[in-house]
Amino acid sequence: GKLLRVNQSICSIFGYEKDELTGLTLHALSYPDDLEKNIELRRKAMAGEIDHYRMEKRYIHKTGKVIWGLLSVTVERDDQGKIGFFISQLIDITAQKTKEEELKQTQELHQLISEHSLDIIFRMTFRGIVTYVSPVVSQQLGYTPEEIIGENGYDYWHPTDYQKWPNQNFHQVRTIIHRLRHKNGYYIWFETSSKKIYNDAGKIQHIVGISRNITERRIMELKLQEREQHYKSLLKYTPVGICSVDTELNFTDINPAFELLTGYSLQELLSMNFTDLILPDYLHHMQEQLNQSLKSDYYFEGTPILHKDGSIRIIIAWSSPIIINNETVGIYLIAKDITEQKQTEDLLKNSEKLSVVGELAAGIAHEIRNPLTSLKGFIQLHQMEDPENKNKIRHEVMLSEIERINGIVSELLVLSKPANENSYLANVSKELDHVITLFEGQAHLYNITIHKDIDASLPLIHCLGTLKQVFINVLKNAIESMPGGGDIIVQVKQQAAQISIRFIDEGFGIPPEQLPKIGNPFFTTKEKGTGLGLMVSQRIVQNHRGTMHINSETGKGTIVEINLPIE
Ligand code: ADP
Ligand code: MG
32 GKLLRVNQSI
42 CSIFGYEKDE
52 LTGLTLHALS
62 YPDDLEKNIE
72 LRRKAMAGEI
82 DHYRMEKRYI
92 HKTGKVIWGL
102 LSVTVERDDQ
112 GKIGFFISQL
122 IDITAQKTKE
132 EELKQTQELH
142 QLISEHSLDI
152 IFRMTFRGIV
162 TYVSPVVSQQ
172 LGYTPEEIIG
182 ENGYDYWHPT
192 DYQKWPNQNF
202 HQVRTIIHRL
212 RHKNGYYIWF
222 ETSSKKIYND
232 AGKIQHIVGI
242 SRNITERRIM
252 ELKLQEREQH
262 YKSLLKYTPV
272 GICSVDTELN
282 FTDINPAFEL
292 LTGYSLQELL
302 SMNFTDLILP
312 DYLHHMQEQL
322 NQSLKSDYYF
332 EGTPILHKDG
342 SIRIIIAWSS
352 PIIINNETVG
362 IYLIAKDITE
372 QKQTEDLLKN
382 SEKLSVVGEL
392 AAGIAHEIRN
402 PLTSLKGFIQ
412 LHQMEDPENK
422 NKIRHEVMLS
432 EIERINGIVS
442 ELLVLSKPAN
452 ENSYLANVSK
462 ELDHVITLFE
472 GQAHLYNITI
482 HKDIDASLPL
492 IHCLGTLKQV
502 FINVLKNAIE
512 SMPGGGDIIV
522 QVKQQAAQIS
532 IRFIDEGFGI
542 PPEQLPKIGN
552 PFFTTKEKGT
562 GLGLMVSQRI
572 VQNHRGTMHI
582 NSETGKGTIV
592 EINLPIE
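According to the numbering used here, the sequence shown is numbered sequentially starting from 32.
Structure, rendered in structure tokens:
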């Protein structure tokens, strides 16, 4: 087995020099496991059974790594048949062997996946004829692979889905959700990813794909969709405004009720910030509250917000942070408009106040009037007994103060009169004429002109004797608001089923912060005022089932409008 002569190729296969190799045996270079088979073949050759043999075997390179060789041996005999020497040829097939090995491994892997995966793996022609399908198909769809192979795969599709996903698709890989028919007739949802495999000529050779049963996922999805619809319809039809904002307070979603509440549309709000709805004076306070509500549930009581039409609406709101994966991403806000409710409450409170004051007034007024009469009498007596008029000023002051008390008392008495006094049909314009004549003197004194703008043909309306008192109170206020003179216009017009009476003055007006207090008992800004005039007037107008509005601008003047129903 000794090497006699070697060529350069052998040397480079094994990594030795020529003289290193000669003298070595080929056995010494062999991989031990493959040696036995080699020895057996050589024995046969020596025994004259064969002249030639070939085998694939492994050798060990000088560096120690294993190499694959294709060995081909020819025996050289002399004429007597005696063996002279062996001619061995060796081809290095390591690279080819490694590739084969790899291929075998991937094939094994593919088989493993294909046979044990719960997903159906298939291969089919461009037209859909199935050429392979993994065994799991029997578990999933009830058919054996043999039943399906050779059939058209699209025949198993749900017809609707087949129409929805036309075969001609130019993408390399596509994923489709569709139904496949079980052998028992019902359909199952699958998600199929497929890929077209092209041959060297650029034509589709076949299509490979994998189909996953997504019934459970699909059911979950449908349930989720349904839940979302429930939730959406709740949002849509609830009368309370609901919105969500992000941590920067930008709107992220709103429901129709919230659109109504603010006057802005969904589109408009989505480009707005919550603070855009807040009045400047409240901004700071509100921002603190909103920051608070990013941390925990919060209740906003009676907060004014700016409606798109410029009006101020009062809302109450509940909020809670939106927490997703342990992170606060925004706030949900449930808001209710309580503007009207608040107005009614205020109105109720006011009328309660009025009736209490009315009752009190009834009692007090009578009690005061009688003693006042005697006081007045005695002062007048005292005056007469003082011919030199030594105490003139005191007497005058006392008498004017008593007059003032009397004034208050008479206004209180009007209040206390029962509502259902005898009514008579009257012409409002005539009643007004009387009152205006009454004031002409005083008006002249202050350089005030009272203009009348009264519709010629006004219907008669049912009046109580107290209506004149209203005109007196209102006109008196108008005159008192114009110490520097000017014009007062009294306008009477018929408007639909109402008579509208307007007193327009050019006085100093009423500051906005005082407006809500006007008409409250004893609210006055005048040194000698009683603060009862407007309250009494309101009460009387109410008894006529009418309404009274005050419109005022500081420095410009005031309009008091009284509307009385015609019936
Ligand atoms: P009084 O006239 O005794 O003060 P009123 O009830 O008549 O009581 O009016 C209450 C308050 O309303 C007045 O003090 C005044 O501040 C305000 N007011 C009423 N009418 C006018 C008006 N035409 N112009 C300016 N202020 C008015
Ligand atoms: Mg007054």
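All residues carry an ideal CB built from backbone N, CA and C; glycine is no exception.
Any non-hydrogen atom of the ligand MG within 6 angstroms of residue i CB
i, result
"K499", "no"
"G564", "yes"
"K507", "yes"
Proximity below 7 angstroms, CB of residue i to CB of residue j
i, j, result
"I207", "F157", "no"
"E31", "L563", "Residue 31 lies beyond the range of the chain shown here (32 to 598); nothing can be said about it."
"Y394", "H338", "The sequence given here has Gly at residue 394, not Tyr. No, the Cβ-Cβ distance between G394 and H338 is not below 7 angstroms."
"D536", "T480", "no"
"G32", "K93", "no"
"C164", "P176", "Correcting the residue identity first, residue 164 is Val in this sequence and not Cys. Cβ atoms of V164 and P176: closer than 7 angstroms."
"I273", "L266", "yes"
"I28", "K373", "It is not possible to answer for residue 28, since the shown part of the chain is limited to 32 through 598."
"I238", "K227", "yes"
"T269", "D277", "no"
"I571", "V521", "no"
Boundaries of the beta strand (DSSP E) in which residue i is found, first to last residue
i, result
"S275", "272-277"
"P335", "329-337"
"T283", "282-285"
"V505", "Element bounds for V505: not the beta strand (DSSP E) but the alpha helix (DSSP H), 498-511."
"N322", "Looking at the DSSP string, N322 is not in any beta strand (DSSP E); the run it does join, the alpha helix (DSSP H), is 314-324."
"Y363", "358-368"
Inter-residue CB distance, residue i and residue j (contact presumed, cutoff 8 angstroms)
i, j, result
"K499", "V466", "6 angstroms"
"L489", "V523", "7 angstroms"
"I362", "S275", "7 angstroms"
"L410", "H426", "Note that residue 410 corresponds to Ile in the displayed sequence, not to Leu. Their Cβ separation, rounded to whole angstroms, is 6 angstroms, which keeps I410 and H426 in contact under 8 angstroms."
"M86", "L66", "M86 to L66, Cβ: 11 angstroms. No contact."
"I122", "G100", "7 angstroms"
"N594", "Q529", "5 angstroms"
Boundaries (first-last residue) of the alpha helix (DSSP H) holding residue i
i, result
"S296", "No alpha helix (DSSP H) holds S296; DSSP gives it neither H nor E."
"K75", "63-77"
"Y455", "Taken as a continuous stretch (DSSP letters only), Y455 belongs to no alpha helix (DSSP H), being part of the beta strand (DSSP E) at 454-457."
"H261", "246-268"
Helix, strand or coil at residue i [DSSP, three-state]
i, result
"S488", "coil"
"M86", "strand"
"Y218", "strand"
"Y229", "strand"
"Y185", "helix"
"V167", "coil"
"V104", "strand"
"S342", "coil"
"S40", "helix"
"F539", "coil"
"K96", "coil"
"N551", "coil"
"F157", "coil"
Check: residue i C-beta below 6 angstroms from any heavy atom of the ligand ADP
i, result
"A392", "no"
"S536", "The sequence given here places Asp at residue 536; Ser does not occur at that position. Correct: D536 has its Cβ closer than 6 angstroms to the ligand ADP."
"S512", "yes"
"T556", "yes"
"G408", "no"
"I355", "no"
"G517", "no"
"T585", "no"
"G560", "yes"
"I541", "yes"
"I549", "yes"
"T589", "yes"
Check: residue i C-beta below 6 angstroms from any heavy atom of the ligand SAH
i, result
"P542", "By its list of ligands, the structure shown excludes the ligand SAH, since it contains just the ligand ADP and the ligand MG."
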